Amino acid sequence: MPEYREKLWASPAPFLATALLIPASILVFAPISMFWGIIVAIVLYGAAVLTLLLTAPVVSVTDGVFTAGRARITTELVGEAVAFEASEATLERGRRLDARAWLLIRGWIGPVVRVPIEDPRDPAPYWLVSTRHPTTLAAAINGSRRPASSN
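Residues in the sequence shown are numbered consecutively from 255, following my numbering.
Right, here's the structure in full:
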């Protein structure tokens, strides 16, 4: 069975954007104490970076189970995964998006994979998952579900 694992780390842009906490904190605390303004700025920026690192979800396909963040589903219950890149990925996240779909998308990762859910008890028609390697993830999901569907 194909295996896949990817951690959806933030790109440099969110780290640079959160760096704006540094001058903002110093500006607020400078009239009180420049020393404490610098300390607060370092602590706030450190907390923001730590949050970005600790909340990065994992997407994986292992032993017939597709995991996207906290959600898990066996590949026996999914249809053919389809990879989307560039403008097609933008359409999938926008105009083509079904409001009932389950989403694990990150703004800093353009490509997505749409995974249809074939479990009649599941209200979500599909999962839409961000990935930096859409064709590899789709191939892992599709390859993992073939043995189960041939039984």
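Glycine residues also receive a C-beta, built at the ideal position from the N, C-alpha and C atoms.
These numbers were taken from a predicted model, which means no experiment stands behind them.
Mind checking W356: buried by the 16 CB within 10 Å criterion, or exposed? buried
Start-end ranges of the alpha helix (DSSP H) lying completely within the segment 351-400, minimum 4 residues: none
Pull the bridge partners of Y299 from the DSSP assignment, please. In DSSP, Y299 forms no bridge with anything.
Taking the beta carbon of G318 as the centre, do at least 16 other beta carbons fall within 10 Å, making it buried, or is it exposed? exposed
Helix, strand or coil at T328 [DSSP, three-state]: strand
Residues in its own chain within less than 8 Å of D373 by CB, not counting five upstream and five downstream? Setting aside the 5 residues that flank it on each side, D373 is surrounded in the same chain by I327, L331, each with a C-beta closer than 8 Å to its C-beta; the list follows chain order.
Helix, strand or coil for A267, going by three-state DSSP, please let me know. A267 falls in the helix class under three-state DSSP.
Starting from A278 and walking both ways along the beta strand (DSSP E), at which residues does that stretch end? No beta strand (DSSP E) holds A278; the alpha helix (DSSP H) holding it covers 275-283.
Taking the beta carbon of S398 as the centre, do at least 16 other beta carbons fall within 10 Å, making it buried, or is it exposed? buried
What residue from P311, A353, G323, V294 has the CA that sits closest to P377's CA? Comparing Cα positions, the closest option is A353.
What first and last residue would you give for the beta strand (DSSP E) that runs through S287? Counting along the chain, S287 falls outside any beta strand (DSSP E), and DSSP gives it neither H nor E.
Taking the straight line between their C-alpha atoms, what separation do you get for T385 and R259? 10 Å
Taking Cβ to Cβ, would you say A337 is nearer than 8 Å to V369? no
Please report the straight-line C-alpha distance between V315 and N396, rounded to a whole angstrom. 10 Å
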